[in-house]
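Residue numbers (the numbering used here): -13 to 322.
Glycine is no exception: its CB is placed at the ideal position from the N, C-alpha and C atoms.
Working notes, beginning with the structure itself.
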């Protein structure tokens, strides 16, 4: 296996080229809005002036996040000019207003909850750190819509959702934490922290018996751990982590240490499993940040991260069912 890699300039150029090829590709497209009447049957770009590419709204949002991340990290690559041109054209007040208008419809309260919510705030956080444009300011009305939705929803969300797909709540609040910290939104940070402890604070001896299911792209066990790492002080997190996954040094639960097998990458659901491998690599690498340098779990976790990364990275492109989103998850893992 390769040593733990990071995102480099050639890979950034490759990933940017992939995303620039699909964030404005309108079809095929899977809509996520509710039709209240025949007037709501519109084309993707009519519904979503910005995020109408990449097969679906949330994938388009995290495609934009990846491009913003790449532009900030590698401003001299060839794709940088095209990314800036895209942002100058698309991240403008008029188009943001169109996105907000769709969300204001009475039946769209749950649109993209919670996965798309988290990714939109992750994009906003990246734009806040990106120099050279007014893109964060232009996006702010849409950003505020999703901040308000988190603030309204989390207090009434009695239970977490632990599946390995879009409805996973740990993943969404983990991404939202990056935005809350970037803009120093103390109220949002506090709510995210309280919610994480309420949902997951008493969990222990996680068996991970349901992983992987046939269309997982998230590890419900590892993303919960990564959520708690992100939202807890390290001195609180480490005892929780010890209880939650007490047998990591023994490579148990075994399923978390073995990359998932992907039988058909033209099947959108089965292709999710490439994302599972990438998101596990991201979680393992991120969780290492909390451990002391002499912790006996480190070699086991490093090995697991490398195995998952090596399995998934060759398949970021090839079939559109994975190509429209996998590079974003690869970027999360490489940048961990």
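Review point. How many Å lie between residue 336 and residue 163 at the Cα?
Key: Residue 336 falls outside the range modelled here, since the chain spans only -13 to 322, and no answer is possible.
Exercise for review: Report the residue from 152, 193, 44 whose alpha carbon sits nearest the alpha carbon of residue 230.
Suggested key: Counting from one through the chain shown, the residue named residue 230 turns up at place 244. When each option's Cα is compared against that of residue 230, the closest is 193.
Check your understanding: From 60, 2, 320, 183, pick the residue whose C-alpha is nearest to that of residue 216; which is it?
Key -> Position 230 of the chain shown, counted from the start, is the residue given in the question as residue 216. Out of 60, 2, 320, 183, 183 has the C-alpha closest to the C-alpha of residue 216.
Review point. Is residue 265 buried or exposed, if buried means 16 or more other CB atoms sit within 10 Å of its CB?
Key: Locating residue 265 in the chain shown gives position 279, counting from the first residue. Flag for residue 265 reads buried.
Check your understanding: By DSSP, does residue 263 sit in helix, in strand, or in coil?
Key -> Looking up residue 263 in the chain shown gives position 277. If DSSP states are grouped into helix, strand and coil, residue 263 belongs with the helices.
Check your understanding: What first and last residue would you give for the alpha helix (DSSP H) that runs through residue 101?
Key -> Here residue 101 is taken as the residue at index 115 of the chain shown, counted from 1. First-last of the alpha helix (DSSP H) with residue 101: 101 to 114.
Review point. Residue 15 by DSSP, collapsed to three states: which one?
Key: For the purposes of this step, residue 15 is identified with residue 29 of the chain shown, where counting begins at 1. It is coil, neither helix nor strand.
Point to revise | Endpoints, alpha helix (DSSP H) assigned at residue 74 | key: Residue 74 sits at position 88 when you count from the first residue of the chain shown. Taken as a continuous stretch (DSSP letters only), the alpha helix (DSSP H) holding residue 74 covers 66 to 76.
Exercise for review: For the segment 108 to 155, list the beta strand (DSSP E) runs that are entirely contained and at least 3 residues long, ordered along the chain.
Suggested key: none
Check your understanding: Given a threshold of 16 other Cβ atoms within 10 Å of its Cβ, counted over all protein chains shown, does residue 36 qualify as buried or as exposed?
Key -> Walking along the chain shown from the start, residue 36 turns up at place 50. So residue 36 counts as buried.
Check your understanding: Under a three-way DSSP split, which group does residue 199 fall into?
Key -> Indexing the chain shown from 1 puts residue 199 at position 213. Here residue 199 sits in coil by DSSP.
Check your understanding: For the 8 Å Cβ check, are there 3 or more pairs between the segment 162 to 181 and the segment 94 to 112?
Key -> yes
Exercise for review: With DSSP as the reference, label residue 238 as helix, strand or coil.
Suggested key: Residue 238 sits at position 252 when you count from the first residue of the chain shown. Three-state DSSP puts residue 238 in coil, outside helix and strand.
Review point. From residue 223 to residue 259, what does the alpha carbon distance come to, in whole angstroms?
Key: Counting from 1 along the chain shown, the entry for residue 223 is found at position 237. Counting from 1 along the chain shown, the entry for residue 259 is found at position 273. Roughly 28 Å separates the two Cα atoms.
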